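Input: a single structure, listed below in C-alpha cells.
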Amino acid sequence: MLCCGSAALLLALAGLFLSRVPGAQGAACEPVRIPLCKSLPWNMTKMPNHLHHSTQANAILAIEQFEGLLGTHCSPDLLFFLCAMYAPICTIDFQHEPIKPCKSVCERARAGCEPVLIKYRHAWPESLACEELPVYDRGVCISPEAIVTAEGADFPMDSNNGNCRGSGNERCKCKPIKATQKTYLRNNYNYVIRAKVKEVKTKCHDVTAVVEVKEILKSSLVNIPKDTVNLYTNSGCLCPPLSANEEYIIMGYEDEERSRLLLVEGSIAEKWKDRLGKKVKRWDQKLRHPGKGKNEPGQSDSAQKSGKNSNPRQTRN
C-alpha cells in the first residue's frame, strides 16, 4: 500500500485491471522528489520514467519547462498527466514497468493546453503524444478517476448487506468557482448544458447527479441527449453542489473512454439565467476563434468593460 502523507493510496481495481507479475517484488521504487509532483496522490516512483530520464534530477530539469503552462490553469488534468509521465507511480506488488497515464487523461490535458501553446507558437510535445497511451478499458493505466484516498476507509463496506457505514457529507468543502470569461477560456470545458436536477444519488462514496438536459450549449466527444443523463463525480462529494428541482448551467469535463459526463473539481454549476447562457455562447466563440478578438484569451469581463478594448463585439460581455 502506498501512502501520501497520512492518506493511503488505493488503486481502483476496476480502473486499473492490475494483475500480479511474478518477480515484480524486485522493482526499485523510490520516493517522489520532484517538487511539482509532491502534491499528487502517490509518493513512490521509478526511474527511468516514460520520457527515458534515468534519474529524478534529470526529470526535474525537464518538467520545469511546463511551470509557465501550469500557471495558466489551461487544464485541471495537466499536472496529473505530467507527473504520471515524469514521476510515474510505482507499485512494488504489481508490474516491472511503471504505470502509464490513460489516453483520455492526455487528451483532456492536450485539448485544454494546446491552444495556449499554439498562441505562443509552440506545439504539443511529440514526447507527450497521446496516441500510444493505453485506453482505460483495454489496458493498465492510471487516471484521476481511478484513485481514491484512505478517507473512504473510515466508512467501510458492510459485507453482509452491501451498505456503507457512516456518512462523509459533513467533510465536503466545495470551493465555489464563478462563471467568468477568464475562467471559461482557461478551463476549456468539454461540455456546457442547461439542466434541471432530478436527484442526487449517493452510494457509499460515489455521488451521481441525475439531471434532465434542457439545452446543449457545448459538447465534445461524448454524445449528450436531450434527456435524463448522469453526471459522475470522482469523490464522495458533489462539487460544485446541486439542489434537486433547480435549473443550472453546468460546465464540466468528460470521460470519453466510458462515455461519461463528469462533475469534478474545477467544474461550474450556477443557477440558470438567460443572460449567462448568452454570455457563454460568446465566450465559446472566442475560445474557438481566438484570433478574431484583440483582447487576450484570459482577459476577464471586467477588463473588457474598462473601455480599453476597441472591439465593439467584445465590449458587450
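In case it helps, mature numbering (1 follows the signal peptide of the UniProt record, and there is no 0) puts the sequence shown at residues -26 to -1, 1 to 291.
Quick reminder that beta carbons are idealized off the backbone N, C-alpha and C, glycines included.
Here the structure is a predicted model, which means the values were calculated and not measured.
Through-space distance from C80 to K93, alpha-carbon basis = Taken atom to atom, the span from the alpha-carbon of K93 to that of C80 is near 20 angstroms.
ask   = Out of A97, C3, M18 and A183, which has the shortest C-alpha to C-alpha gap to E220?
value = A183
Counted within 10 angstroms of its Cβ, other Cβ atoms place R84 as buried (16 or more) or exposed = buried
inquiry  = By the DSSP assignment, the beta strand (DSSP E) with G226 in it spans what residues?
reply    = E221 to D229
query = Should the stretch 34 to 42 be regarded as contacting the stretch 3 to 12, the criterion being three or more beta carbon pairs within less than 8 angstroms?
reply = yes
ask   = Below 8 angstroms between beta carbons: does that hold for V171 and L237?
value = no
ask   = In or out: E119 buried (at least 16 other Cβ within 10 Å) or exposed?
value = buried
Burial state of R95, where buried means 16 or more other Cβ atoms lie within 10 Å = Residue burial is scored here from C-beta neighbours: R95 has fewer than 16 other C-beta atoms within 10 angstroms and is therefore classed as exposed.
query = Taking C-alpha atoms, which residue in A31, D201, K77 and P50 lies nearest to residue 309?
reply = Outside the shown range of the chain (-26 to 291) lies residue 309, about which nothing can therefore be said.
request  = Please list, in chain order, all residues of the same chain as K247 whose beta carbon is under 8 angstroms from its beta carbon, the five residues on each side excluded.
outcome  = Closer than 8 angstroms at Cβ, skipping near neighbours: I223.
message = At 3 residues or longer, what runs of the beta strand (DSSP E) sit wholly inside the stretch 166 to 218?
response = 180 to 192 and 202 to 206
C-alpha distance - E239 paired with C213, whole-angstrom precision = 6 angstroms
key: Presumed contact (8 angstroms Cβ cut-off) between V90 and T46, rounded CB distance   = 5 angstroms
query = Do you know how far the Cα of Y163 is from the Cα of E189?
reply = 16 angstroms
key: Paired residues, beta bridge with residue 301 - DSSP   = There is simply no residue 301 to check, as the chain begins at -26 and stops at 291 in what is shown.
Cut-off 7 angstroms between Cβ atoms - residues of its own chain near E244, not counting five sequence neighbours on either side = A153, Y222, I223 and L250
Proximal residues to V196 (C-beta, below 8 angstroms), its chain only, five neighbours per side dropped = N164, Y165, E228, D229, E230, S233, R234 and L235
inquiry  = Looking at the strands, I want to know which residues DSSP matches up with E119.
reply    = Paired residue(s): none; E119 is not in a bridge.
inquiry  = For P72, which residues in the same chain have their Cβ closer than 6 angstroms to its Cβ, ignoring the five residues on either side in sequence?
reply    = K20, P62 and C64
query = By how many angstroms is the C-alpha of C87 removed from the C-alpha of S194?
reply = 16 angstroms
Sequence-distant residues of the same chain with beta carbon closer than 7 angstroms to N134, five excluded per side = Since pLDDT at N134 reaches only 33, below the 50 mark, its modelled position is unreliable, and the value read off the structure follows with that caveat. Hits under 7 angstroms: none found.
query = When you compare each of R160, K175, C57 and P99 to A218 by their alpha carbons, which one comes out closest?
reply = K175
Bridge-paired residues (DSSP) for K245 = Bridge partners of K245 according to DSSP: Y222.
inquiry  = Within a Cβ cutoff of 8 angstroms, which residues of the same chain sit near S241, ignoring the five residues on either side of it in sequence?
reply    = I151, Y163, C213, P214, I224, M225, G226 and Y227
ask   = Given S117, which residues of its chain have a CB within under 6 angstroms of its CB, disregarding the five upstream and five downstream residues?
value = C76 and V79
message = Using a Cβ-Cβ cutoff of less than 6 angstroms, which residues in the same chain neighbour Y60 once the five nearest sequence positions on both sides are dropped?
response = Excluding the 5 residues flanking it on each side, Y60 has same chain C-beta neighbours closer than 6 angstroms at N23, A33 and I37, in chain order.
ask   = How many angstroms separate the CA atom of P199 from the CA atom of K253?
value = 23 angstroms
message = Between which two residues does the alpha helix (DSSP H) holding L159 run?
response = In the DSSP assignment, L159 falls within the alpha helix (DSSP H) that extends over Q155 to N161.
inquiry  = So for Q39, helix, strand or coil by DSSP?
reply    = helix
query = So, using beta-carbon positions, are L191 and R160 closer together than 8 angstroms?
reply = The Cβ-Cβ distance between L191 and R160 does not fall below 8 angstroms.
Cα-Cα separation between K74 and A97, rounded to whole angstroms = For the pair K74 and A97, the Cα-to-Cα distance works out to about 22 angstroms.
message = Tell me the DSSP secondary structure of M131 in three-state form.
response = Residue placement at M131 is flagged as unreliable, the pLDDT there being 33, under the threshold of 50; the coordinate-derived value follows with that caveat. It is a strand residue.
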